[in-house]
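Chains as they are written, first to last, in my numbering: chain A, 1 to 342; chain B, 1 to 325; chain C, 1 to 345.
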């Protein structure tokens with residue numbers, strides 16, 4: 001998984017060298033900080049390193065709080081600020097709570113972009129860049145409904161309750177189901193299982209009890225996607241349709257073997273890479289346009305979509321290219337669409 | 001304590017929990033027939049297998065009159081070292097298993113040694129070692145799991161020997177029978193219980209208290225290591241957070257099974273049924289779509305109830321003893 | 001020094017007369033002074049090696065962290081002194097803070113009402129612990145092991161693990177408030193509480209009763225101390241202080257988050273024990289050092305911050321804290337042994 005991501009990343013880098021200006025020795029120190037340990041953010045590490053190299057940043061460091069706990073992340077951010085980092089890509093530990101420490105960053109002449117998860121307005125963060133998770137969940141559910149033949153019962157497994165995206169996803173899946181006017185219903189939502197132990201317990205227990213009461217599974221978080229794919233394989237079930245999320249090897253293999261119908265990809269590498277690029281530009285004299293084509297979601301009015309793509313058995317082997325293409329497009333147009341540079 | 005009373009206590013320890021387990025199974029399967037499907041039984045037995053080994057790890061320490069807070073973090077550390085050795089160092093699987101168990105034993109011995117030699121309470125020492133093991137775990141893994149679990153291990157953790165009986169039951173049976181034999185027949189088992197029952201008397205009667213404590217903690221470490229590796233097999237990844245939630249359940253099962261927290265009295269069979277009760281309740285909550293957070297409330301209440309019953313029995317036996325004297 | 005010992009620090013001479021050690025020597029040998037020296041040394045090293053260490057922002061965050069960690073330590077100290085312990089401090093702290101979130105955000109109560117209610121809830125939960133311990137005669141370890149699970153479970157059940165992040169702006173503002181340039185307002189609160197506790201243990205009858213009950217419950221009972229009631233009061237104090245710590249943490253993070261003390265509140269166990277133990281409060285009860293707890297928390301925070309600034313991986317810092325606890329108890333034990341051998345304890 002990592003090697004293919006790195007390959008894709010490096011290829012993207014090569015393609016983007018044309019677009020990225022070579023700024024020698026800038027004083028931008030970027031810190032990429034997730035809300036806690038999680039495989040999704042693995043790509044941020046490479047993205048930060050590549051951005052540092054390509055844009056001549058003083059630092060492009062990926063630092064992880066020890067656990068998914070708001071005070072830990074705040075403490076880490078404060079320590080990074082004291083260490084001299086001035087540009088932050090942050091996945092909020094809490095959509096509102098993290099605003100407090102971002103304010104401290106801004107008060108100390110730093111800047112921050114909410115990444116992969118948004119902070120709630122009003123926020124001192126510059127803007128939010130991430131997957132439109134609501135839209136992604138909506139599209140994924142629609143694909144699931146299509147695979148189910150337009151009718152049936154869906155179970156939805158999703159992520160941490162503290163993740164600002166979770167509620168967006170729950171609402172989106174429900175919306176997609178509601179649009180079938182009763183043909184498809186969401187019979188169960190299990191949240192807060194984006195970690196191996198609770199995911200394994202709850203998903204296995206659920207399937208053990210209710211496998212016959214459900215026709216489709218949609219997972220909108222990485223770990224439940226992996227666990228559900230494993231469980232369906234374990235009980236040898238191909239009747240239950242499933243749409244997963246992200247690009248874990250287990251999920252991709254399950255798609256190829258027919259246990260899972262497809263997955264919604266996000267763009268973690270692109271988020272880290274583009275975010276670092278933008279922060280560096282902003283520190284070098286560019287400004288954000290107020291009237292840029294910002295999107296809106298439930299949390300904020302300044303949202304930039306980092307892209308999502310549905311991948312099924314036919315496209316599994318080339319998924320890296322799909323995401324690479326999206327990253328290239330966003331980067332090529334960003335300055336034109338969102339910034340004024342003197 | 002009179003041996004006769006001891007035998008009576010042992011007999012009473014598991015009867016209650018066994019009855020409750022049976023009742024629970026009957027009620028739940030009546031309300032929810034899918035409870036008795038082979039897959040569900042497999043899931044249930046897998047949970048019981050792992051939790052029993054964890055409970056035994058705590059039981060032996062409770063027996064010697066102490067408490068081991070580092071059980072979970074040692075299990076987690078061994079789990080990641082196990083997978084890490086295979087994935088990063090290329091160690092062959094059987095050797096890695098041995099290595100994992102050795103780490104458990106050595107860490108346990110270290111705990112036991114410090115506790116016995118310094119006389120500082122086991123609570124504080126194991127609180128410190130909890131942090132140390134957890135810290136080493138996180139330092140090695142950076143909170144990211146090791147994915148390179150070999151297929152044979154994954155199979156071991158997720159398939160059945162026959163019918164709905166998972167392979168994981170095998171190490172559990174070895175551990176349970178081993179510990180039962182230890183407490184019943186082996187000298188070290190008697191020493192452990194003597195120390196737990198009355199430390200001064202044990203010392204005066206010439207028992208090597210330092211050695212006994214080290215033995216107890218070594219066994220505890222071994223079991224923690226085994227449980228950690230069993231969980232890795234079941235989860236199919238080397239997850240650093242393994243062990244974070246072992247604290248309550250490691251005490252709850254022995255207490256429900258009749259162990260006295262002051263030490264000196266344990267029941268392997270009672271602990272087993274304690275584990276069964278907890279596993280059934282946990283599963284039932286998910287089956288009936290009851291808020292899973294209720295588990296914590298139930299576990300805590302079970303502990304209180306079990307402690308209450310134990311105290312009552314102690315009080316009753318004390319009365320009988322003085323009445324008979 | 002606010003440490004209160006039940007035996008005088010004397011040296012027994014052959015003639016039967018007892019000489020008190022010179023006050024200065026007693027001071028220098030004390031736990032608290034050792035800690036103070038270590039803090040000064042560590043801070044000096046970090047200040048010279050790391051340019052950012054003494055920046056106003058760094059000092060502010062340091063002072064804030066010290067305030068919070070000390071409060072957690074004080075909460076545990078309040079119950080250790082009575083000879084027991086309370087594993088549920090984290091659960092009580094988190095539950096009380098979530099209740100505060102409910103009072104302030106959902107019910108819209110003014111802070112002047114929400115805060116006292118929260119502290120009262122903490123005291124109530126602690127009181128439940130204390131009452132069960134006293135009535136059942138079972139060791140507080142197992143009672144609070146059960147109650148940590150119950151309190152936390154009920155809290156999670158009631159809140160559905162959702163955070164309260166719509167708290168009144170004053171709450172976050174207080175968390176960011178500075179006094180005298182770069183000292184956090186939270187530290188000021190803690191210092192005030194330290195002062196109050198010092199008065200309690202040194203000057204009030206209740207304080208003396210607590211110490212007596214902790215040192216030797218049977219003797220205390222015989223000399224008229226209502227041991228049972230005293231133990232319950234200690235647990236209530238622990239609960240209230242835990243609730244206060246939860247409030248401070250909420251002010252700092254800007255939201256009332258159910259996971260603020262970890263799973264079942266376990267994450268508070270280490271700081272809760274580390275600070276008092278480093279500071280000289282004995283686990284056996286009967287001896288307390290409020291200043292010691294403050295210094296202990298300060299030492300831990302300074303070291304942790306310094307290590308993090310030195311780019312030591314935040315993951316290894318945890319192991320380091322474990323070693324520190326171990327070292328603290330071993331050194332304390334060694335010191336006691338040496339002093340005892342010399343007849344000085």
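Beta carbons are placed, not taken as given, at the ideal position from N, Cα and C, and that holds for glycine.
Which runs of the beta strand (DSSP E) spanning at least 3 residues fall entirely within the stretch 260 to 294 of chain B, listed in chain order?
-> none
Could you name the residues that DSSP lists as bridge partners for residue 162 (chain B)?
-> Residue numbering aside, residue 162 (chain B) sits at position 162 when the second chain is read from its first letter. In DSSP, residue 162 (chain B) forms a bridge with B:165.
Could you tell me which chain A residues have their CB closer than 7 Å to the CB of residue 39 (chain B), listed as they occur along the chain?
-> Residue numbering aside, residue 39 (chain B) sits at position 39 when the second chain is read from its first letter. Chain A residues near residue 39 (chain B): 208 and 235.
Name the two residues that bound the continuous beta strand (DSSP E) containing residue 87 (chain A).
-> On the first chain, residue 87 (chain A) is found 87 positions in, with the first residue counted as 1. Taken as a continuous stretch (DSSP letters only), the beta strand (DSSP E) holding residue 87 (chain A) covers 87 to 90.
Would you call residue 12 (chain C) buried or exposed, if buried means 16 or more other Cβ atoms sit within 10 Å of its Cβ?
-> Here the question's residue 12 (chain C) lines up with position 12 in the third chain. Because the pLDDT of residue 12 (chain C) is 37, which lies under 50, any placement of that residue in the model is unreliable, and the number read from its coordinates should be weighed accordingly. It counts as exposed.
Considering only residues of the same chain and omitting the five flanking positions on each side of residue 224 (chain C), which have a CB-CB separation below 8 Å?
-> On the third chain, residue 224 (chain C) is found 224 positions in, with the first residue counted as 1. If we look at residue 224 (chain C) and ignore the five residues flanking it on each side, it has no Cβ neighbours.
For residue 116 (chain C), collect the residues of the same chain with a Cβ closer than 8 Å to its Cβ; drop the 5 residues on either side in sequence, then sort them by chain order.
-> By one-based count along the third chain, residue 116 (chain C) stands at place 116. For residue 116 (chain C), where only same-chain residues beyond five positions count, there are no Cβ hits under 8 Å.
Buried or exposed for residue 181 (chain A), please, with buried defined as at least 16 other CB atoms from any protein chain shown within 10 angstroms of its CB.
-> Position 181 of the first chain, counted from the first residue, corresponds to residue 181 (chain A). Answer is exposed; the Cβ neighbour count stays below 16.
Just the chain B side, please: which residues come within less than 8 Å of residue 196 (chain A) by C-beta, in chain order?
-> As a working note, residue 196 (chain A) is residue 196 in the first chain. Within chain B, the residues near residue 196 (chain A) are 145, 235, 237, 239 and 241.
Residue 233 (chain A) (DSSP reduced to helix, strand or coil) | Mapped onto the first chain, residue 233 (chain A) falls at position 233. Residue 233 (chain A): helix per DSSP, three-state reduction.
Which term fits residue 336 (chain C), buried or exposed, when burial requires 16 or more other beta carbons within 10 angstroms of its beta carbon?
-> Locating residue 336 (chain C) in the third chain gives position 336, counting from the first residue. Residue 336 (chain C) comes out exposed.
Closer than 8 Å, CB to CB, is residue 162 (chain C) near chain A or not?
-> By 1-based counting over the third chain, the position of residue 162 (chain C) is 162. So yes, residue 162 (chain C) belongs to the interface.
Among the residues of its own chain, which have a CB less than 8 Å from the CB of residue 91 (chain A), if the five just before and after it don't count?
-> Along the first chain, one-based indexing puts residue 91 (chain A) at 91. For residue 91 (chain A), where only same-chain residues beyond five positions count, the Cβ hits under 8 Å are 33, 34, 35, 41, 114, 115, 116 and 117.
CA-to-CA distance, residue 55 (chain C) to residue 328 (chain C), given in whole angstroms | Sequence index remark: in the third chain, residue 328 (chain C) carries index 328 (1-based). Sequence index remark: in the third chain, residue 55 (chain C) carries index 55 (1-based). So the two alpha carbons sit approximately 30 Å from each other.
Work out the CA separation of residue 239 (chain C) and residue 71 (chain C) for me, nearest whole Å.
-> Reading the third chain from its first residue, position 71 is the one you call residue 71 (chain C). Reading the third chain from its first residue, position 239 is the one you call residue 239 (chain C). The alpha-carbon atoms of residue 71 (chain C) and residue 239 (chain C) are separated by roughly 11 Å.
Mind listing the chain A neighbours of residue 158 (chain B)? Cutoff is C-beta to C-beta under 8 Å, in chain order.
-> Here the question's residue 158 (chain B) lines up with position 158 in the second chain. Chain A residues near residue 158 (chain B): 234.
8 Å Cβ cut-off: residues of chain B touching residue 325 (chain C) = Within the third chain, the letter at position 325 stands for residue 325 (chain C). Within chain B, the residues near residue 325 (chain C) are 124, 127, 128 and 131.
Below 9 Å between beta carbons is the criterion; list the residues of the stretch 242 to 264 of chain C that meet it against any residue of chain B, in chain order.
-> 262, 263 and 264
Compare the C-beta of residue 13 (chain B) with all C-beta atoms of chain C and state if any pair is closer than 8 Å.
-> Indexing the second chain from 1 puts residue 13 (chain B) at position 13. Judged by the 8 Å Cβ criterion, residue 13 (chain B) is not in contact with chain C.
Unbroken beta strand (DSSP E) run spanning residue 153 (chain A), endpoints | Counting from 1 along the first chain, the entry for residue 153 (chain A) is found at position 153. That run of the beta strand (DSSP E) goes 152 to 157.
Indicate whether at least one CB of chain A lies closer than 8 Å to the CB of residue 142 (chain B).
-> Walking along the second chain from the start, residue 142 (chain B) turns up at place 142. Residue 142 (chain B) counts as touching chain A.
With 8 Å as the threshold, decide whether the Cβ of residue 311 (chain B) is near any Cβ in chain C.
-> Your numbering for residue 311 (chain B) matches position 311 in the second chain. So yes, residue 311 (chain B) belongs to the interface.
Beta-carbon separation of residue 129 (chain A) and residue 271 (chain A) under 8 Å?
-> Within the first chain, the letter at position 129 stands for residue 129 (chain A). Within the first chain, the letter at position 271 stands for residue 271 (chain A). Closer than 8 Å, so yes.
Out of B:263, B:272 and B:13, state which residue places its alpha-carbon closest to the alpha-carbon of residue 198 (chain B).
-> Taking the first residue of the second chain as 1, we reach residue 198 (chain B) at position 198. The shortest C-alpha separation from residue 198 (chain B) is found at B:263.
Sub-8 Å separation of residue 319 (chain C) and residue 297 (chain C) beta-carbons = Residue mapping note: residue 319 (chain C) aligns to position 319 of the third chain, counting from 1. Residue mapping note: residue 297 (chain C) aligns to position 297 of the third chain, counting from 1. Contact flag unset, no.
Whole-Å CB distance - residue 57 (chain B) paired with residue 220 (chain B), under 8 Å assumed = Stepping through the second chain from its first residue, residue 57 (chain B) is reached at position 57. Stepping through the second chain from its first residue, residue 220 (chain B) is reached at position 220. With 8 Å as the limit, residue 57 (chain B) and residue 220 (chain B) qualify as a contact, their Cβ atoms being about 5 Å apart.
Which same chain residues, not among the five before or five after residue 170 (chain C), have their C-beta less than 8 Å away from its C-beta?
-> Numbered from 1 along the third chain, position 170 holds the residue referred to as residue 170 (chain C). Excluding sequence neighbours, residue 170 (chain C) sits near 111.
Classify residue 316 (chain B) as buried or exposed, calling it buried when 16 or more other Cβ atoms lie within 10 Å of its own Cβ.
-> In the second chain, counting from the first residue as 1, residue 316 (chain B) sits at position 316. Residue 316 (chain B) should be labelled exposed.
Would you mind stating whether residue 236 (chain C) and residue 123 (chain C) have Cβ atoms separated by less than 8 Å?
-> Counting from one through the third chain, the residue named residue 236 (chain C) turns up at place 236. Counting from one through the third chain, the residue named residue 123 (chain C) turns up at place 123. Result yes, Cβ atoms of residue 236 (chain C) and residue 123 (chain C) sit closer than 8 Å.
Min CB distance residue 99 (chain A) to chain C below 8 Å = Translated into positions along the first chain, residue 99 (chain A) becomes position 99. It does; some Cβ of chain C falls within 8 Å.
What do you reckon, are the CB atoms on residue 269 (chain C) and residue 90 (chain C) nearer than 8 Å?
-> Walking along the third chain from the start, residue 269 (chain C) turns up at place 269. Walking along the third chain from the start, residue 90 (chain C) turns up at place 90. In this structure, residue 90 (chain C) lies closer than 8 Å to residue 269 (chain C) by Cβ.
Nearest-angstrom Cα separation, counted from residue 252 (chain B) out to residue 23 (chain B) | By one-based count along the second chain, residue 23 (chain B) stands at place 23. By one-based count along the second chain, residue 252 (chain B) stands at place 252. In a straight line, the C-alpha of residue 23 (chain B) is about 19 Å away from that of residue 252 (chain B).
Complete runs of the alpha helix (DSSP H) confined to the stretch 129 to 216 of chain C [at least 4 residues] = 140 to 159, 169 to 176, 185 to 203 and 205 to 215
Taking any Cβ of chain C, which residues in the stretch 289 to 300 of chain B have a Cβ under 8 Å from it, in chain order?
-> 291, 293, 294, 295, 296, 297, 298, 299 and 300
Range covered by the alpha helix (DSSP H) that runs through residue 81 (chain A) | For the purposes of this step, residue 81 (chain A) is taken as the residue at position 81 of the first chain. Taken as a continuous stretch (DSSP letters only), the alpha helix (DSSP H) holding residue 81 (chain A) covers 70 to 82.
4-residue-minimum alpha helix (DSSP H) runs that sit fully inside the stretch 218 to 259 of chain C, ordered along the chain | 227 to 253
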